[in-house]
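Undergrad: Attaching a single structure in structure tokens format; questions to follow.
Residue numbers (the numbering used here): 70 to 139.
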């Protein structure tokens, strides 16, 4: 599947992200094949509240948080 979201903080293709959802352990995914809101390929999400999408095999509930792993 594909994850469609808006972000607050910049991240780059290849960054490891954590999926944080209530009642679940955090799950790691790698940012890859990023597309902007217009479906154009991008290598980063540089703008606050930017719409983006990327492949994701996890089933996510609305309002799930993605955060860059440190």
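Glycine included, C-beta positions come from ideal geometry on N, C-alpha and C.
The structure presented is a predicted model; accordingly, all values stated were derived computationally and were not measured.
#1: Please list, in chain order, all residues of the same chain as residue 70 whose beta carbon is under 7 angstroms from its beta carbon, the five residues on each side excluded.
#2: Among the candidates 93, 92, 91, 105, whose CA atom is the shortest distance from the CA of residue 79?
#3: For the beta strand (DSSP E) containing residue 99, name the first residue and the last one.
#4: Under three-state DSSP, which class holds residue 81?
#5: Look up residue 124 in the DSSP assignment and give the residues it is bridged to.
#6: Leaving out the 5 sequence neighbours to the left and right, which residues in its chain are closer than 7 angstroms to residue 115 when beta-carbon positions are compared?
TA: On the basis of the coordinates in this document:
#1: 125, 126
#2: That would be 105, whose Cα lies nearest to the Cα of residue 79.
#3: 96–99
#4: Here residue 81 sits in strand by DSSP.
#5: 71
#6: Here the set comprises 79.
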